[in-house]
Amino acid sequence: MTTAPPTDRSDTPGSDAAERSFEVHGMTCGSCAARVQRILGRQEGVADAEVNFATGMALVRLDDATTSDENLAAAVDRIGYRLAPVRVDEPRTSRADEERAAQRAWLRRIAVAWPIAAVFLIGMVAAPLSERAMAVMESTAGRVAALVLAIPVQFWAGWPFIAEAARRARWRTANMDTLIALGTLSAFGFSVVQLFAGGPLYFESAVLIIAFLVLGRWLEARAKGRAGAAIEALLELGATQARLVASDGNEHLVPIERVRVGDVVRVRPGEKVPVDGEVIDGASAVDESMLTGESMPVDKTPGTAVSGATMNASGVLTVRATAVGADSALARIVAMVERAQSGKGAAQRLADRVSAVFVPAVLVIALVTFGVWWLVLGMPVGGLTAAVSVLIIACPCALGLATPTAVMVGTGRGADLGILIKGVEILERTRDVDVVVFDKTGTLTRGEMAVTDIVAAGGTDEHALLARAATAEADSEHPIGAAITAAARSRGIDVGRPTAFTAVAGHGVRADVDDVTVWVGTRKLAAEAGLVLPEALDDAAERCERDGRTAVVTGWDGEVRGVVAVADTVKDDATAAVARLHAMGIETAMLTGDNYRTAAAIAAQVGIDRVLAEVLPDGKQDEVARLQADGRTVAMVGDGVNDAPALVQADLGIAIGSGTDVAIESSDLTLLRGDLDGVATAIELSRATERTIRQNLVWAFGYNTLAIPVAAFGLLSPIVAGAAMAFSSVSVVTNSLRLRRFGR
Amino acid sequence: MTTETIAVPEIHCDHCRTSIEGALAPLDGVARASVDIDTRQVTVDYDEATIDRDALIGAIEDQGYEVPTT
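Sequence lines, in order, name chains A and B. Yeah, the first sequence ends on 1056 if you go by my numbering, and it's all consecutive. Yeah, the second sequence ends on 82 if you go by my numbering, and it's all consecutive.
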């Protein structure tokens, strides 16, 4: 939960203090929530305030119940957010709804712009073919109709471009919107003058450019529109309620926001741990895979730490909260993802970068044109016309299509290949990817346990050892037990059922098999059961553990009979995938929390160049950032929640489809089939898409740039403008469609 | 005319830029205010005779940001 620390805790919120809840609108990030909270806390009569970014709610505790909602709303309004009292009967608007609303707004603009654009297109085609059509268009009524039709497109559908261009102009910068606003407003204004002067009209230029652009923006909004999704998926992981244990021992179910550091909460089996804390009573295994990607449940006993959002699997735990709200592990991951995302947002789009150079150049050309006509040729009026013509023709209609069409075809082809492409901007950067970093657990490896070694004591048959261990574990739900049972079955052993079965939490199982009591578990379990551990087996177990495998001892009749080692195993296609990346000239690296030796063993097996081992869960992002600081362009492949900040930090984040939702939402690319070979394919497809965007920009700008001299000489006609528009649009669309053949 | 750079660690996104620039720009004596999101810094060109640093910081704090004292 991104609940920022409250600014004022001096008043204890007793039961007599008035509390009010509000919805907060307009918050886009965790720091928004912190600002609103601070402003609310400063208002007179407010004891303290808590604002939750995830739920978009503010909880205000008042020490003066007469404080009016209006005062609070006005204070929040002054910093640019809106506070609304909670109404139970109204469904709340989420940020996903806001994104959908933005998409619908573009759709409405399309609905206005395209029918009108169609009228102009028909006119453009019909005029040269039919004298009647030409006559209608050239009549005064026809010309006025063109103006009337152009107004809503120019000033309603095209308003976002004008507004953005004006904002940019205030900061003396230019982007694609500047070019669009400049070109269409020039065409529109010039045509209004021509309407009275009787010259040719360029309304269709303005209308068609805007029509294509709103279409392009809508396509982009649809493809993107998920910026907040990673954060939302992260926040949904957290528990919303906690069982608070009161001093009298009673449990109360309370909203998570109410839990304070030092409070005691109870977690039942199957429930999420609500807060970060320390176990003070009980024993259980907790599934932390959502945070760490590690599939093995971790045993919790009094004194051990638990993290919020992890799943309590087996027993009841009593936990004292040590970190809540913004200090919790989950909130820190959220903050890391947010920071990484905001860093990325600063990247300029390719089309904008081109425009930033193109716009001043066009302005200079227009000025020079006017200057030469006026001062050299002594024709100021002709010069003005020529200069405006330059501005009109400089804005390429196909500019709005260059990126969206390539992305659409590229993502469509990607979907065929099991590659889900999300980040549009990111595609433009994949060209430079020169190192791919793989998360180990769950990405390079299966994230499932499998038996790797079986060492039987002298006089014990390996087959019999495995059979007894597997039967003892037949009823176990523990991943190690499942691995042993699976190994036995795969060797054709008929796994029976134990007659008595006891799971010893965190240590193993005891079961009666064929009237013999069998122990399977840790060496500690064996010692407690009074089993003798032969030295050879002790050595074998230690050797396995040094290599990062988990050694399980099995024994009966007073003696340990063998060691079975289980470990996470490398995916079958990992080696081939790495080799293919090497063939593309890309370096590979592996990121893991394991010790260096274990990591190096796996890296050597797969052929990975570089090992980044002993990385703490929250250090993955730093490792990626460090590579970037060395001038590398990094693609990161991962699957766990703790990979999310690194996925966002990386220039290209690739999630494995079988991974967590958070990783998928944080990534730019998702490999739906979960095969590692997709990494190379995805990079190649991204590069092909990026190349296509680049070529499209050349096509889009090319025809119009060629027409600039024509305009500067005062020879521009609607036919030249129309031809440039048609040729560039057709070239761009055709070029984008070539992507459909990728990988065939 | 003085140029002052103020670090505001909580600067996070475009929203923050709009808020801070919008709060500073209308103040008397402020010639130019710009927010750099990457470095989390606000750069202000202002006239010392009309406005002082504390007033600038006050305006940023009124937007709900914390400005650490350097």
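In this text, a Cβ means the ideal position worked out from N, Cα and C, and glycines have one as well.
Check                                                                                                                                                                                                          : Outcome
What residue from A:Gly627, A:Gly1034, A:Val953, A:Ala962 has the CA that sits closest to Ala641 of chain A's CA?                                                                                              : A:Val953
Identify, in the order they occur along the chain, each residue of the same chain with its Cβ nearer than 6 angstroms to the Cβ of Asp489 of chain A, setting aside the five sequence neighbours on each side. : Phe473, Glu476, Ala477
Closer than 8 angstroms, CB to CB, is Tyr77 of chain B near chain A or not?                                                                                                                                    : yes
My output table needs one value for Tyr77 of chain B: the three-state DSSP class, helix, strand or coil.                                                                                                       : coil
List the residues of chain B that Ile522 of chain A touches, going by C-beta distances under 8 angstroms, in chain order.                                                                                      : Under the 8 angstroms cutoff, chain B gives no residues; its nearest Cβ is about 24 angstroms from Ile522 of chain A.
When DSSP labels each residue in this structure, what does Met339 of chain A get in the three-state scheme?                                                                                                    : coil
How would you call His24 of chain B, buried or exposed, if buried means at least 16 neighbouring beta carbons within 10 angstroms?                                                                             : buried
Taking all protein chains shown into account, do 16 or more other C-beta atoms lie within 10 angstroms of the C-beta of Tyr77 of chain B, making it buried, or fewer, making it exposed?                       : buried
Report the neighbours of Ser343 of chain A on chain B: residues whose CB is nearer than 7 angstroms to its CB, in chain order.                                                                                 : Glu22, His24, Cys28
Any idea what DSSP makes of Met896 of chain A, helix, strand or coil?                                                                                                                                          : coil
Just the Cα atoms here: how many angstroms apart are Leu371 of chain A and Tyr393 of chain A?                                                                                                                  : 15 angstroms
At the level of alpha carbons, what is the spacing between Ala414 of chain A and Ile733 of chain A?                                                                                                            : 21 angstroms
Relative to the C-alpha of Ala621 of chain A, which residue among A:Lys584, A:Met449, A:Val960, A:Gly589 is closest?                                                                                           : A:Lys584
I'd like the span of the beta strand (DSSP E) that includes Ile733 of chain A, first residue to last.                                                                                                          : 731-733
Just reading off the alpha helix (DSSP H) that Pro38 of chain B is part of, what are its end residues?                                                                                                         : Unbroken run through Pro38 of chain B: none, as it is neither H nor E.
Would Ile351 of chain A pass as an interface residue toward chain B - the criterion being a Cβ-Cβ separation below 8 angstroms?                                                                                : yes
Could you tell me the boundaries of the beta strand (DSSP E) in which Ser596 of chain A lies?                                                                                                                  : 596-599
Hey, would you say Met902 of chain A sits closer than 8 angstroms to Leu924 of chain A, going by beta carbons?                                                                                                 : yes
Return the residues of the segment 388-399 of chain A that lie within a Cβ-Cβ distance of less than 7 angstroms from chain B, sorted by chain order.                                                           : Ile391, Gly392
To the nearest whole angstrom, what separates the beta carbons of Ala439 of chain A and Ala445 of chain A, a pair I think is in contact under 8 angstroms?                                                     : 5 angstroms
For Ala486 of chain A and Ala710 of chain A, which I take to be in contact (beta-carbon distance under 8 angstroms), what is that distance rounded to the nearest angstrom?                                    : Ala486 of chain A to Ala710 of chain A, Cβ: 19 angstroms. No contact.
Residues in its own chain within less than 8 angstroms of Ile32 of chain B by CB, not counting five upstream and five downstream?                                                                              : Val20, Ile23, Ala45, Val47, Val54, Ile72, Gln75, Tyr77
Determine the chain B residues that contact Ala346 of chain A at a beta-carbon separation under 7 angstroms, and present them in chain order.                                                                  : Glu22
Compute the Euclidean distance between the alpha carbons of Tyr514 of chain A and Ala1038 of chain A, then round it to the nearest angstrom.                                                                   : 15 angstroms
What first and last residue would you give for the alpha helix (DSSP H) that runs through Ile995 of chain A?                                                                                                   : 989-1024
Whose C-beta lies closer than 6 angstroms to the C-beta of Thr405 of chain A among residues of the same chain, with five residues either side of it excluded?                                                  : Here Thr405 of chain A scores only 48 on pLDDT, less than 50, and its place in the model should not be relied on; the value that follows carries that caveat. If we look at Thr405 of chain A and ignore the five residues flanking it on each side, it has no Cβ neighbours.
If I follow the unbroken beta strand (DSSP E) through Pro567 of chain A, where does it start and stop?                                                                                                         : 563-567
By Cβ distance below 8 angstroms, which residues in the same chain neighbour Ala67 of chain B in space, the five residues on each side in sequence not counted?                                                : Leu39
According to DSSP, Ile968 of chain A sits in a beta bridge with which residue or residues?                                                                                                                     : A:Leu983
Note the first and the last residue of the continuous alpha helix (DSSP H) segment covering Met720 of chain A.                                                                                                 : 711-728
Does DSSP classify Met691 of chain A as helix, strand or coil?                                                                                                                                                 : coil
Quick check on Pro427 of chain A: does DSSP put it in helix, strand or coil?                                                                                                                                   : helix
Nearest by alpha-carbon distance to Pro586 of chain A: which of A:Asn562, A:Gly870, A:Ser626, A:Gly637 is it?                                                                                                  : A:Gly637
My output table needs one value for Lys883 of chain A: the three-state DSSP class, helix, strand or coil.                                                                                                      : coil
So, for Thr62 of chain B: in the same chain, excluding its five sequence neighbours on each side, which residues have a beta-carbon less than 7 angstroms away from its beta-carbon?                           : Asp40, Gly41
Using 8 angstroms as the threshold, is the C-beta distance between Gly919 of chain A and Thr887 of chain A below it?                                                                                           : yes
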